[in-house]
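The next block holds one structure in the form of structure tokens; read it before the comments.
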Amino acid sequence: MHSLRASILIESIMDDQHSEKDRTSVSTLTIPQQNTQQTSELFPNDKLKADAKSQALSRARYFRHKNLAERIIGAVLFVMTAPVMIVVAVLVKLTSHGPAIYRQERLGKHGEVFEVLKFRSMYSDAEKDGKPVWSSKRDSRITPLGRFLRASHLDELPQLWNVVMGDMVLTGPRPERPKICDVLAGQIDGYYRRNAVKPGITGLAQINLPPDETLADVKRKQFLDLHYIEQAGWLLDFRMIMATVLRIFFIKGEKAMGMMGLCRRSLVRASVVTTEDDNRHPFDDPRVKRVDGESTGDQVVHVCDQQHATSELASHLENAGRPPASPR
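What follows is the structure, encoded as structure tokens:
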């Protein structure tokens with residue numbers, strides 16, 4: 057209960073640029089020391105609110121320190137891995153047509169859109185019409201070298217520059233494409249809660265679970281993303297980084313999670329309630345299709361507008377005096 061309340065409160069106090077008034081907008085319970093036990097028994101809900109706010113403030117301070125520390129660490133890692141990135145960039149150029157570095161819009165903290173950097177792992181004409189396409193295990197758009205880069209997570213190395221620039225951190229929920237977020241937010245309650253913190257190069261969901269193929273897969277990753285936001289700390293971040301290193305050496309995610317004492321896949325499956333309808337592809341939702349059955353980007357934007365108007369993210373941005381991200 058405490059962690060759920062703390063998670064919700066994080067969204068109203070995480071932004072470093074908020075005024076002190078905004079950050080303390082939740083009423084604080086003042087309890088005389090000698091009557092703490094009696095008052096707590098009379099007003100249990102007030103005590104829970106006070107405890108939840110204290111946890112949220114502590115978590116917010118942690119994320120501020122984490123963001124600064126990881127920008128410094130990211131700069132060091134960027135320099136250290138530069139030789140590896142040069143080799144990978146040359147190999148990408150030699151094995152397929154197109155640029156070595158791929159830029160793509162992603163949704164960051166508080167819905168701010170930024171360009172994520174990756175080594176190109178697909179053929180350059182993978183999305184000719186510019187519409188997002190859900191990747192799969194045997195995706196024909198992925199190059200032979202790209203399969204290795206994805207399996208080893210080396211395609212994510214350029215994102216160290218995103219960390220240096222302050223758009224991302226080393227550990228956190230993975231950033232998703234805006235239009236895909238629009239679709240998922242229309243089908244998963246509270247989906248935008250994962251945007252309360254900066255996205256990371258690696259996350260609990262990516263270490264532990266395979267690529268999404270169904271809506272149930274997305275819900276399981278959402279569970280892990282929110283679990284991270286509620287439980288984040290220096291030790292957890294260190295374990296996540298070490299588990300990611302193990303994954304680079306092709307140790308399976310569940311085994312890597314177990315070795316590092318992290319949340320295992322069996323617990324995730326037991327904790328996330330899914331229905332038979334969740335075993336479908338997320339883009340199969342009829343709300344993102346036209347009458348003629350053809351999926352269109354315009355219709356996706358329509359879902360986005362409705363979802364932004366009612367989502368927790370939009371409410372947070374409005375309370376913080378920030379306009380919601382413009383429809384894509």
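Mapped onto our numbering, the consecutive letters of the sequence shown carry residue numbers 57 to 384.
Here a beta-carbon is modelled for each residue, glycine too, at the ideal position from N, C-alpha and C.
This one's a predicted model, so the numbers in the text were calculated from it and none came from an experiment.
Residue i versus residue j - alpha carbon distance
i      : j      : result
ARG276 : ARG295 : 20 Å
ASP195 : LEU150 : 21 Å
ASP281 : THR270 : 17 Å
GLY254 : GLU332 : The sequence given here places Lys at residue 254; Gly does not occur at that position. Each residue's alpha carbon lies about 32 Å from the other.
ILE263 : TYR284 : 12 Å
SER180 : GLN287 : 39 Å
LEU265 : LEU205 : 17 Å
SER327 : THR258 : 22 Å
GLY164 : ASN251 : 6 Å
ARG162 : ARG115 : 24 Å
HIS337 : PRO267 : 12 Å
ASP340 : PRO231 : 22 Å
Near the ligand NAP: residue i beta-carbon under 7 Å from a heavy atom
i      : result
LEU240 : Absent from the structure shown: the ligand NAP. Ligands present: none.
CA nearest to the CA of residue i, picked from the options
i      : options                        : result
TYR248 : HIS166, SER196, LEU210, ALA261 : HIS166
LEU201 : PHE175, LEU133, ASN251, MET224 : PHE175
PRO155 : ALA145, ARG162, GLU161         : ALA145
GLN160 : HIS121, MET313, LYS311, ARG233 : ARG233
SER208 : PHE339, THR330, ASP102, ILE307 : ILE307
ARG117 : ASP102, VAL148, ALA272, TRP290 : TRP290
THR330 : ALA272, ASN123, TYR158         : ALA272
ILE157 : MET313, LEU210, MET316         : LEU210
Residues that residue i bridges to, as DSSP identifies them
i      : result
GLY256 : VAL225
ILE198 : MET178
Residue range of the unbroken alpha helix (DSSP H) whose run includes residue i
i      : result
LYS174 : Where LYS174 is concerned, there is no enclosing alpha helix (DSSP H), although the beta strand (DSSP E) it sits in stretches over 169 to 175.
TYR248 : Per DSSP, TYR248 belongs to no alpha helix (DSSP H) and is neither H nor E.
GLY314 : 309 to 315
GLU286 : 271 to 287
VAL329 : That residue, VAL329, is in no alpha helix (DSSP H); it is neither H nor E in DSSP.
THR151 : 138 to 151
PHE294 : 290 to 304
PRO231 : No alpha helix (DSSP H) holds PRO231; DSSP gives it neither H nor E.
LEU216 : 215 to 220
Beta-carbon proximity list for residue i, same chain, < 7 Å, skipping 5 on both sides
i      : result
ILE244 : VAL274, LYS275, GLN278
HIS153 : SER180
Residue range of the unbroken beta strand (DSSP E) whose run includes residue i
i      : result
ARG162 : 157 to 163
Nonlocal neighbours in the same chain, by C-beta distance under 8 Å from residue i, ignoring five residues either side
i      : result
GLN215 : VAL172, LEU173, LYS174, MET224, ILE257
THR137 : LEU213, LEU216
VAL324 : ASN264, LEU265, ARG276, PHE279, LEU280
Neighbourhood of residue i by C-beta distance below 6 Å, restricted to the same chain and skipping five residues each side
i      : result
GLY130 : LEU216, VAL219, VAL220
PRO229 : ARG250, PRO255, GLY259, ASP281
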